[in-house]
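Undergrad: Residue 4 is where the sequence shown starts when you use the numbering used here, and the numbers rise one by one after that.
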Amino acid sequence: MAELRRLGRNINGYFGERIDIETVVGDCAEAAQEHGWASEHIEAAPGLRLLALKRAPRESEASPRRVYISAGIHGDEPASPLAARRLLREDRWPPDVALWLCPCLNPTGFAANRRENAVGADLNREYRKPQAMEIIAHIAWLDRQPRFDLCLCLHEDWEAQGFYLYELNPDEAPSAAPAILERVSEVCPIDSSEIIEGRAARGGLIRPSIDPRSRPEWPEAFFLLTHKTALSYTLEAPSDFPLETRVAALCAGVRAALDFRHGQ
Ligand SMILES: [Zn+2]
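#1: What is the C-beta distance between Glu220 and Arg92, in whole angstroms, given that I count them as a contact (C-beta under 8 Å)?
#2: Inspect the beta-carbon positions of Leu168 and Leu234 and report whether they are closer than 9 Å.
#3: Would the stretch 115-135 and the stretch 52-61 be scored as touching if the rule is three or more Cβ pairs under 8 Å?
#4: Could you tell me the alpha carbon to alpha carbon distance between Arg89 and Gly75, rounded to whole angstroms?
#5: One question on the structure: do Asp243 and Gly19 come within less than 9 Å of each other, judged by their Cβ atoms?
#6: Taking one C-beta from the stretch 250-260 and one from the stretch 174-189 each time, how about it: are there three or more such pairs within less than 8 Å?
#7: Taking the alpha-carbon positions, what's the Ala41 to Pro192 distance?
#8: Please state if the CB of Asp99 and the CB of Glu64 are separated by a distance shorter than 9 Å.
#9: What's the C-alpha gap between Gly266 and Ala176?
#10: Give a single yes or no on whether Ile213 has its beta carbon closer than 8 Å to a heavy atom of ligand 1.
#11: Whose C-beta lies closer than 6 Å to the C-beta of Gln36 among residues of the same chain, with five residues either side of it excluded?
#12: Evaluate Asn15 with the Cβ neighbour count: other Cβ atoms within 10 Å of its Cβ, from every protein chain shown; 16 or more gives buried, anything less gives exposed.
#13: Keeping to the same chain, check which residues put their C-beta closer than 6 Å to that of Arg8; ignore five residues upstream and five downstream.
#14: How is Ser188 classed by DSSP in three states: helix, strand or coil?
#15: Would you check if the distance between the CB atom of Asp160 and the CB atom of Pro245 is smaller than 9 Å?
#16: Mind checking whether the beta-carbon of His141 lies closer than 8 Å to any heavy atom of ligand 1?
#17: Is the closest heavy atom of ligand 1 to the C-beta of Asn127 under 8 Å?
#18: Indicate whether Leu227 and Tyr71 have their beta-carbon atoms separated by less than 9 Å.
#19: Quick check on the DSSP output: what are the complete beta strand (DSSP E) runs of length 3 or more inside the stretch 111-195, in order along the chain?
#20: Just to confirm my understanding: we take Arg12, look at its own chain, exclude 5 residues before and 5 after, and list those with CB closer than 7 Å. What are they?
#21: Look at the alpha carbon of Met136 and the alpha carbon of Ala47, and state the distance between them as a whole number of angstroms.
#22: By DSSP, does Ile22 sit in helix, in strand, or in coil?
#23: Can you tell me whether DSSP reads Leu238 as helix, strand or coil?
#24: Looking at the C-beta of Ser66, does it have a partner C-beta in chain C at a distance below 9 Å?
#25: The beta strand (DSSP E) that contains Cys105, what's its start and end?
#26: Based on the DSSP output, what are the partners of Ser73 in its beta bridges?
#27: Going by DSSP, name the residue or residues bridged to Ile198.
#28: Who does Ala55 pair with in a DSSP beta bridge?
Listed below in structure tokens is the structure:
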């Protein structure tokens, strides 16, 4: 890997590349259709729809691993929906995996290039007492889906010195985090800070020991952990690095997580 450094452009906020979210989500729907995914538009409000995609495993798989991937919940994190698009276009998935993928949960935020949605709500704090129409609709959709073996939430952080991730793994299942970090390190620096976002980190991994019930505001990952899964990773690409590096980092992290199996 060529030496990569922070650009030094994103101070006190994200000032990097923007994306046309309608085009990116349209590309996702197109790629999904081309590769045989089922696609659904979740109606959040008049004129506000969220794309939800599902891919069945190969028919020969008796007990597929169910994996949920979400992207684009913060409107100033463009690498997240771009990674979803790249993964859909590349269409390389382990054969035993069934997938649920939401490429963009905050379309109005991307239109304004800001973290929150069009009316100023941080959607990733709404999963305990949802008020935003996007999250009410998203939770209703999640409630109709089965439990997942693994959940991956794709994010970016303009303060980060490199890639890092959160692991929520209360049952202490074998951790995919080392494999994810190793794979991502081939394309993007890892944030080795000992404190990231106010939490203890080691080698780019944060394992918060938090009971979601003790927190009034839930990110999506807390909802997933409480209702849908026993294992979740939130991947954070460093948005003060080139966009291509961040997209590559998120894609590498997803691939490593999907390739990881217990006992390997
Ligand atoms: Zn985020």
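Cβ coordinates follow ideal geometry from the N, Cα and C atoms, glycine included.
TA: Looking at the atomic coordinates:
#1: Taking the first residue of the sequence shown as 1, we reach residue 220 at position 217. Taking the first residue of the sequence shown as 1, we reach residue 92 at position 89. Actually they do not touch by this definition, with Cβ atoms about 34 Å apart.
#2: In the sequence shown, the residue the question calls residue 168 occupies position 165. In the sequence shown, the residue the question calls residue 234 occupies position 231. No, the Cβ-Cβ distance between Leu168 and Leu234 is not below 9 Å.
#3: no
#4: Taking the first residue of the sequence shown as 1, we reach residue 89 at position 86. Taking the first residue of the sequence shown as 1, we reach residue 75 at position 72. About 14 Å.
#5: Stepping through the sequence shown from its first residue, residue 243 is reached at position 240. Stepping through the sequence shown from its first residue, residue 19 is reached at position 16. Yes; because the gap between Cβ atoms is below 9 Å, this pair is in contact.
#6: Using a C-beta cut-off of 8 Å, the stretch 250-260 makes contact with the stretch 174-189, since at least three inter-stretch Cβ pairs fall below that distance.
#7: To locate residue 41, count along the sequence shown from 1; it is residue 38. To locate residue 192, count along the sequence shown from 1; it is residue 189. Linking Ala41 to Pro192 through their CA atoms gives a straight-line distance of about 35 Å.
#8: One-based indexing of the sequence shown puts residue 64 at position 61. One-based indexing of the sequence shown puts residue 99 at position 96. A contact, by the Cβ cut-off of 9 Å.
#9: Locating residue 266 in the sequence shown gives position 263, counting from the first residue. Locating residue 176 in the sequence shown gives position 173, counting from the first residue. Confidence in Gly266 is poor, its pLDDT being 45 and thus under 50, which makes the residue's placement too unreliable to answer from.
#10: As a working mapping, residue 213 is identified with position 210 in the sequence shown. No.
#11: Residue numbering aside, residue 36 sits at position 33 when the sequence shown is read from its first letter. Once the five neighbours on either side are set aside, Gln36 has no close Cβ partner at all.
#12: By 1-based counting over the sequence shown, the position of residue 15 is 12. Exposed: under 16 other Cβ atoms inside 10 Å.
#13: Along the sequence shown, one-based indexing puts residue 8 at 5. Answer for Arg8: no residue qualifies.
#14: Your numbering for residue 188 matches position 185 in the sequence shown. Reduced to three states, the DSSP call for Ser188 is helix.
#15: The count along the sequence shown starts at 1 and reaches residue 160 at position 157. The count along the sequence shown starts at 1 and reaches residue 245 at position 242. Not a contact, by the Cβ cut-off of 9 Å.
#16: As a working note, residue 141 is residue 138 in the sequence shown. Flag unset: Cβ of His141 not near ligand 1.
#17: Residue mapping note: residue 127 aligns to position 124 of the sequence shown, counting from 1. The answer is yes for Asn127.
#18: On the sequence shown, residue 227 is found 224 positions in, with the first residue counted as 1. On the sequence shown, residue 71 is found 68 positions in, with the first residue counted as 1. Yes, the pair counts as a contact, with Cβ atoms nearer than the cut-off.
#19: The stretch 111-195 contains these whole beta strand (DSSP E) runs: 153-160 and 167-171.
#20: Sequence index remark: in the sequence shown, residue 12 carries index 9 (1-based). Same-chain partners within the cutoff: Phe18, Gly19 and Asp243.
#21: Position 133 of the sequence shown holds residue 136. Position 44 of the sequence shown holds residue 47. Roughly 5 Å separates the two Cα atoms.
#22: As a working note, residue 22 is residue 19 in the sequence shown. Reduced to three states, the DSSP call for Ile22 is coil.
#23: Your numbering for residue 238 matches position 235 in the sequence shown. Strand.
#24: Absent from the structure: chain C. Only one protein chain is present.
#25: Along the sequence shown, read from residue 1 onward, the residue named residue 105 stands at position 102. Note, Cys105: beta strand (DSSP E), Val100 to Cys105.
#26: One-based indexing of the sequence shown puts residue 73 at position 70. Answer is Cys105 and Cys156, bridged to Ser73.
#27: Along the sequence shown, one-based indexing puts residue 198 at 195. The partner list for Ile198 (beta bridge, DSSP) reads Ala203.
#28: In the sequence shown, the residue the question calls residue 55 occupies position 52. DSSP lists Glu43 as partners of Ala55.
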